[in-house]
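In mature numbering (1 follows the signal peptide of the UniProt record, and there is no 0), the protein residues as written are -22 to -1, 1 to 425. The beta-carbon is built from N, C-alpha and C at its ideal position, and this holds for glycine as well. Quick notes on the structure that follows.
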Amino acid sequence: MKKSRFLYILSALTICAGELFAQNPFITDQYTADPSARVFGDRVYVYPSHDIPPAPGKGRANWFVMEDYHVFSSANLTDWTDHGMIVTQNKVPWVKPDSYSMWAPDCIERNGKYYFYFPSTSKDTTKVKGFTIGVAVADNPTGPFVPQAEPIAKVKGIDPNVFTDKDGQAYLYWSQGHIYGAKLKNNMLELASEPVILQELPSKGLKEGPYVFERNGIYYMTYPHVENKIERLEYATGNNPLGPFKFAGVIMDESPTGCWTNHHSILNFKKQWYLFYHHNDLSPNFDKNRSIRMDSLSFNNDGTIRKVIPTLRGVGLTLASGKIQIDRYSGISNAGVSISFVDTADRFKGWKAKFSSPAAWLQYNSVDFASNKPQSVELMVTSNTGGILQIRSSSPSGPILAELNVPVSKTWKAVTAKLSGEPRGTQHLFITQKGAGEAEVDWMRFK
């Protein structure tokens, strides 16, 4: 299997009562998609849609089923907090209460208020047929959000996105066959101009999920587009929030494992740009149950976007004292290591790494030892044969920090070894196999 394909099949991990610890995907206790990421104050807030498995009486079989929204936040892009459900279909006055069509949302702040935009189907089909877009308003980014009684007039479609220009003018974008845009009034609840179709975007193939941002005087219209059979992330540029936009390139290629959709947002946080997107990591056999990811994004000197290659490791530092999910690796040997679910009956438990040949290794980057001086390392392991694993720094043949004897065990067992070195600062770690045998690892941490 090619590495690029392998990287896309797997991803993410560990949960502890409301606190979620990130690699990719970075939310792993529920399905999430279509992440709208925003910086409010000194935190990043992510507003995704919420996939649930289809069930009798709940949505359409073998299709997208969504009934509510959660919001997640982080100060460091590593430790995420689930602030709970903020809007649900049966609490919005205009939404058909059993529509299960609460699709991709967005949220923006203006004058101390937070405006949450979301699409759904109306219960009054004499007014609106198909999807329209409504707004819920809150005093805080985590709510409580109060939905407006009616959706936004003259807007029909999905995937709302709001952009506020430097002059304070806000714009609403959405998709419905084409990508549309219009100015918003200062109240953020009504259009201030007639909707227009944004020009000079690709005319063939599905386009949806617009997300607009500005950098150095360039306006970027980014969107998923079906160039072939599944969506890839593309962008176009212009000198006006309503275009015209000229196609400029691809941000992320199509999923090599066939996940049909992708949907994204882009933000600058602490002088680094990030791409938030989704894939079906936790549901590899059903791409309507998706999970949100993030990776770093960068620009060339001329303002063009460098293509983002999806990773398992994701972004941010991992505390050495926390559970390090080594299956969200930064690098992997050509043979002797495989990744699989810990429990195929409950994929929210995440993944494990299996070492099965001498010199096999996994690399896990950016482990932060700054806040502690560990004396030992602990691994959660199981093995049918027993084996020996080594923790090294810098490279697969680098200095040995610890060597652990993995006992024969049919159940998961924590094994500990003293450190022979004193790791400091930020380290790139390697877990290697010494000699014959095999061992499976769920997580690692330093104590």
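Checklist entry - Among Ser375, Asp324, Arg402 and Ala298, which residue has its Cα nearest to the Cα of Arg423? => result Ala298
Checklist entry - Helix, strand or coil: how does DSSP classify Asn362 here? => result Strand, per DSSP.
Checklist entry - With C-beta atoms as the reference, is Phe4 less than 9 angstroms away from Trp58? => result Yes, they are a contact pair.
Checklist entry - With 16 as the cutoff for other CB atoms within 10 Å, does Leu407 come out buried or exposed? => result buried
Checklist entry - Candidates Pro125, Ile30, Arg210 and Ser100: which alpha carbon is nearest Cys85's? => result Pro125
Checklist entry - The beta strand (DSSP E) with Asp60 in it runs from where to where? => result Asp57 to Thr66
Item to check | Spatial distance of His61 from Ile378 (CA atoms) | outcome: 41 angstroms
Item to check | Start-end ranges of the beta strand (DSSP E) lying completely within the region 307 to 389, minimum 3 residues | outcome: 315 to 319, 329 to 333, 339 to 346, 354 to 371 and 378 to 384
Checklist entry - For Asn164, does the count of other Cβ atoms within 10 angstroms reach 16, so buried, or fall short, so exposed? => result exposed
Checklist entry - Should Asn343 and Ser308 be called a contact, given that it needs their Cβ atoms to be closer than 9 angstroms? => result yes
Checklist entry - In chain order, which continuous runs of the beta strand (DSSP E) of length 3 or greater are located wholly inside the region 29 to 115? => result 44 to 52, 57 to 66, 84 to 88 and 91 to 99
Next on the checklist: When you compare the region 257 to 273 with the region 361 to 372, are there three or more beta-carbon pairs, one atom per stretch, that lie closer than 8 angstroms?
Outcome noted: No, they do not touch.
Item to check | Boundaries of the beta strand (DSSP E) in which residue 484 is found, first to last residue | outcome: Because the chain spans -22 through 425 in this model, residue 484 falls outside it and cannot be assessed.
Checklist entry - How many whole angstroms separate the CB atoms of Trp421 and Lys301, which I take to be in contact at a CB cut-off of 8 angstroms? => result 4 angstroms
Item to check | Same chain, Cβ closer than 8 angstroms to Tyr47, five either side skipped, listed in chain order | outcome: Tyr25, Pro26, Ser27, His28, Met63, Ile64, Val65, Thr66, Met80, Pro83, Phe94 and Phe96
Checklist entry - What residues in its chain sit with their C-beta under 7 angstroms from that of Ala395, if we drop five residues either side in the sequence? => result Excluding sequence neighbours, Ala395 sits near Ser354, Val355, Ala380, Glu381 and Leu382.
Item to check | Assigned exposure category for Gly294 - 16 Cβ within 10 Å defines buried | outcome: buried
Checklist entry - Leaving out the 5 sequence neighbours to the left and right, which residues in its chain are closer than 6 angstroms to Ile30 when beta-carbon positions are compared? => result Excluding residues within five positions, the ones whose Cβ falls inside 6 angstroms are Val43.
Item to check | Short Cβ contact (9 angstroms threshold) for Gly187 with Pro173 | outcome: no
Item to check | Of the residues Arg402, Val204, Pro336 and Thr200, the one placed nearest Ala214, counting alpha carbons only | outcome: Thr200
Checklist entry - Is it right to say Gly292 is buried, meaning 16 or more other beta carbons lie within 10 angstroms of its own, or is it exposed? => result buried
Next on the checklist: Just to confirm, is the Cβ distance from Tyr197 to Phe223 under 9 angstroms?
Outcome noted: In this structure, Phe223 lies closer than 9 angstroms to Tyr197 by Cβ.
Checklist entry - Does the separation of the CB atoms of Ala417 and Gly364 fall below 9 angstroms? => result Yes, these two residues count as a Cβ contact at 9 angstroms.
Checklist entry - From what residue to what residue does the beta strand (DSSP E) around Thr200 run? => result Boundaries of the beta strand (DSSP E) around Thr200: Ile196 to Val204.
Next on the checklist: For Leu167 and Gly159, what's the separation of their Cα atoms in angstroms?
Outcome noted: 15 angstroms
Next on the checklist: Am I right that Tyr92 and Ala116 are in contact with their C-beta atoms under 8 angstroms? What's the rounded C-beta distance?
Outcome noted: 5 angstroms
Checklist entry - Between the C-alpha atoms of Thr360 and Ala323, what's the straight-line distance to the nearest angstrom? => result 18 angstroms
Next on the checklist: Residues in the same chain with beta-carbon distance under 6 angstroms from Gly108, minus the five sequence neighbours each way, listed in chain order, please.
Outcome noted: Nothing listed; no residue qualifies.
Checklist entry - What is the rounded straight-line gap between the Cα of Asp305 and the Cα of Asp321? => result 14 angstroms
Next on the checklist: Mapping the DSSP letters down to three states, classify Phe254 as helix, strand or coil.
Outcome noted: strand
Checklist entry - Under the DSSP definition of a beta bridge, which residues are partnered with residue 427? => result The structure shown does not extend to residue 427, since the chain is modelled only from -22 to 425, so the question has no answer here.
Item to check | Anticipated Cβ contact below 8 angstroms, Arg21 with Ser52, distance rounded | outcome: Taking 8 angstroms as the upper bound for CB-CB distance, Arg21 and Ser52 are in contact here, some 6 angstroms apart.
Item to check | Under the three-state DSSP convention, the category Leu(-16) falls into | outcome: Confidence in Leu(-16) is poor, its pLDDT being 39 and thus under 50, which makes the residue's placement too unreliable to answer from.
Item to check | CA-to-CA distance, Lys185 to Gly155, given in whole angstroms | outcome: 7 angstroms
Checklist entry - Which same chain residues, not among the five before or five after Gly37, have their C-beta less than 7 angstroms away from its C-beta? => result Val43 and Tyr78
Item to check | Top-ranked residue by Cα proximity to Ile229, from Gln341, Val286, Glu87 and Leu169 | outcome: Nearest of Gln341, Val286, Glu87 and Leu169 to Ile229, Cα basis: Val286.
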